[in-house]
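First comes the structure, then the notes that go with it.
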Amino acid sequence: MYSEKVMEHFENPRNVGEIENASGVGTVGNAKCGDIMRIYLDIDDNGMIQDCKFKTFGCGAAVATSSMATELVKGKSIQDAMKVTNKAVMEALDGLPPVKVHCSLLAEEAIHAALWDYAEKHGIKIEGLEKPKSDIHEGEEEKEEY
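Quick note, the sequence shown lines up with residues 11 to 156 if you use our numbering.
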């Protein structure tokens, strides 16, 4: 069962769209469920996130976590945005069903991917930021045999 906040962010998502000439763009996916999330950041010269938008192809929980993630990073510094974890996204939404926790992981990874893109474009290093995965299951051993 979804919380009221999840339903609200699914039915009325915040910050949907693209930012032209974005400071950073991050795209991540989950091959197992087909969700794809793209986050756009507009970061000013002081390292503050002035705007954040998203485009997500996926289930209701993926849309809701994208929406909430943009709300959590907008107006924050790069370092504060780095602290937005999947747990923070889930807590802000009053929880997610266990089968949908991966959506909050996508949101965290999409933020990190957008910050990585920003850092690459500006030739800077963001402390604690690692190169993002394009698929949140990248690096996991295949459990199924073909």
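Cβ atoms here follow ideal geometry from the backbone N, Cα and C, with glycine treated the same way. If you're wondering where the values come from, they're calculated on a predicted model, not measured in any experiment.
Please classify residue i as buried or exposed, where buried requires at least 16 other C-beta atoms within 10 Å of its C-beta.
i	result
P142	buried
A124	buried
M11	exposed
Just curious, the alpha helix (DSSP H) that residue i is in, first and last residue?
i	result
K97	96–102
M58	Note, M58: premise wrong, no alpha helix (DSSP H); not H, not E.
S33	Counting along the chain, S33 falls outside any alpha helix (DSSP H), and DSSP gives it neither H nor E.
L116	111–132
D90	88–92
What first and last residue would you give for the beta strand (DSSP E) that runs through residue i?
i	result
K15	No beta strand (DSSP E) contains K15, which is instead part of the alpha helix (DSSP H) from 14–21.
M11	Segment: none, M11 is in no beta strand (DSSP E) and carries neither H nor E.
What does DSSP give as the partner residue(s) for residue i in the beta ladder?
i	result
M47	V38, T66
Do residue j and residue i count as a contact pair if the criterion is CB distance below 8 Å?
i	j	result
T80	N25	yes
H132	S77	no
Q.
Whether or not the segment 121–139 and the segment 26–40 are in contact is what I'm after, with contact meaning three or more pairs of Cβ atoms, one per stretch, closer than 8 Å; do they touch?
A. yes
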